[in-house]
Amino acid sequence: MAIEMGRPGVDGLGDVVRVLREWQYGGAPVQVHPGDVGWFWRFGAERTAAATRTWSRAGKVLAVGLLDGADLLRLAVAPEALRDEELAQRVAACVSAPERGVLPGGKVYVEAPVEALIQDVLFKDGWEVGDPWTILRRDLGAPVPDPGVRVEVTGPERAHEWAAVLRASFDGSTFTEERWHAMAAGVPYADARCLVVRDERGEAVAAVAVWSAGEGRMGLIEPMGVHPAHRGHGYGRAVTVAAARALQEMGSSSVVVCTPSSNAGAVAAYRSAGFERLAERRDLYRDAG
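Residues 1 to 289 (full-length UniProt numbering) make up the sequence shown, in order.
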C-alpha cells in the first residue's frame with residue numbers, strides 16, 4: 001500500500017495526540033511529543049490542525065509532522081517505522097517540494113529523530129546540517145526531592161500571572177493570558193500542568209508547563225522560564241525539579257527537555273536538576289534561494 005500524506009483537521013487532532021502518546025514508551029527516541037502539540041495549541045485548535053500533517057499506510061499513521069512556524073517541520077515517527085525506506089522517501093519528497101504544501105520555498109528546516117532514516121535521505125538529497133540542540137532526560141524511577149521553594153499549580157484564575165512570567169522570560173515572546181486559556185482548552189492539556197514558583201515575598205519568579213503522555217510513559221517540559229529580574233538565585237533548577245516531581249506524581253516514567261546547545265545557562269540548569277545530557281540533535285535545512 002502506498003503511503004499517503006494527510007491533514008487531520010480539528011476533529012482528527014485527538015487521534016494524532018493519541019498516536020503520539022503511544023510512541024512515548026521507555027527507550028523510544030526523543031521526538032515530537034503530545035506536549036509539543038499542546039504547547040502549539042496556544043494558537044487555537046484550527047491553527048493547530050492547519051499546522052499538522054500525517055503520513056499513513058493502509059490507514060495506520062507512521063509519521064506526524066508539526067509546522068512550528070512557516071519554515072520548520074518537526075517530525076515524529078512510529079518506532080517500528082524509523083528505518084522504513086518508503087516512508088523516508090515519501091516524507092522527503094513532500095518536504096522538498098513547495099507545491100505539496102508542507103514547507104514553502106526559500107530556507108526551510110526539518111527536525112527529525114536522530115535515529116530516523118529521513119535524516120539520511122535528506123542529507124543525501126543535499127540538505128545541510130543546522131545548529132545543535134541538546135536533549136536532556138531524567139529518569140523518574142527514584143524519588144524526586146522537594147525543590148525547596150513554594151510551588152503552585154496555575155489555574156484559570158492565575159493564568160495572567162503565569163503568562164506574564166513566561167512572556168518576560170523570552171525575548172520577543174507574545175504569550176498572553178488568552179493564549180494560556182486556548183492552550184488549556186486543548187486535548188493534550190488533560191495530561192498537563194502549569195506550575196509557578198514564588199520567592200519568599202510571594203512574587204512569581206519562574207514558570208513551567210509539564211506534559212504527561214500517560215502512565216509509564218515519557219513526559220515533557222515545554223516551556224520553562226525564569227523572570228530575568230530573578231535569575232542567578234537557583235530558580236531555574238528549582239522549577240525544573242518541581243516539574244520533574246509533578247510528572248512523577250502524574251505517573252511519567254521519565255522526563256525530557258530540549259534546548260539549543262548554545263543556551264549554556266539552560267543546559268546548566270537542567271543538569272543541576274538531575275538531568276542527563278543525551279546526544280545532540282541537529283535540524284537539517286535547505287536554502288532554495
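Ideal placement from N, C-alpha and C gives every residue a C-beta, glycine not left out.
Note that this is a predicted model, so its numbers are computed, not measured.
Environment of residue 153 [buried if 16+ CB atoms lie within 10 Å]: exposed
Pick from 219, 173, 242 that is closest to residue 206, judged by C-alpha positions: 242
Segment limits, beta strand (DSSP E) that includes residue 260: Note, residue 260: beta strand (DSSP E), 254 to 260.
Other residues of its chain near residue 126: CB distance less than 8 Å, five sequence neighbours each side excluded: 286
Cβ of residue 192 within 9 Å of any chain D Cβ: Of the chains in the structure shown, none is chain D; there is only one protein chain.
Contact between the stretch 218 to 225 and the stretch 33 to 47 (3+ Cβ pairs under 8 Å): yes
Residue 47 (DSSP reduced to helix, strand or coil): For residue 47, the three-state secondary structure derived from DSSP is helix.
Residue 54 vs residue 63 beta-carbon contact at 9 Å: yes
Residue 74, buried or exposed, once every other Cβ within 10 Å from all chains shown has been counted against 16: buried
Closest by C-alpha distance to residue 117, when choosing among 29, 69, 57, 166: 29
One or two residues paired with residue 128 in a DSSP bridge: 285.
Spatial distance of residue 189 from residue 251 (CA atoms): Spanning the two alpha carbons is a distance of roughly 15 Å.
Completely contained alpha helix (DSSP H) runs for the stretch 4 to 57, where each covers 4 or more residues: 9 to 22, 34 to 40, 45 to 50
Cβ-based burial, residue 160 [other Cβ within 10 Å; buried from 16]: exposed
Enclosing alpha helix (DSSP H) for residue 270 [first to last residue]: Judged by DSSP secondary structure, residue 270 falls within the alpha helix (DSSP H) whose first and last residues are 264 to 272.
Contact the stretch 190 to 198 vs the stretch 140 to 155: 3+ CB pairs below 8 Å: The answer is yes - the stretch 140 to 155 touches the stretch 190 to 198, with three or more Cβ pairs under 8 Å.
Under 9 Å between C-beta atoms of residue 132 and residue 261: yes
Inter-residue CB distance, residue 134 and residue 280 (contact presumed, cutoff 8 Å): The Cβ separation is near 6 Å, so the contact holds.
Local conformation of residue 179 per DSSP, three classes: Residue 179 falls in the helix class under three-state DSSP.
Simplified DSSP assignment, three categories, for residue 73: strand
Sequence-distant residues of the same chain with beta carbon closer than 6 Å to residue 139, five excluded per side: 254
Local conformation of residue 155 per DSSP, three classes: coil
Beta-carbon proximity check, residue 288 vs residue 105, cutoff 9 Å: yes
Beta strand (DSSP E) segment containing residue 109, residue limits: 107 to 111
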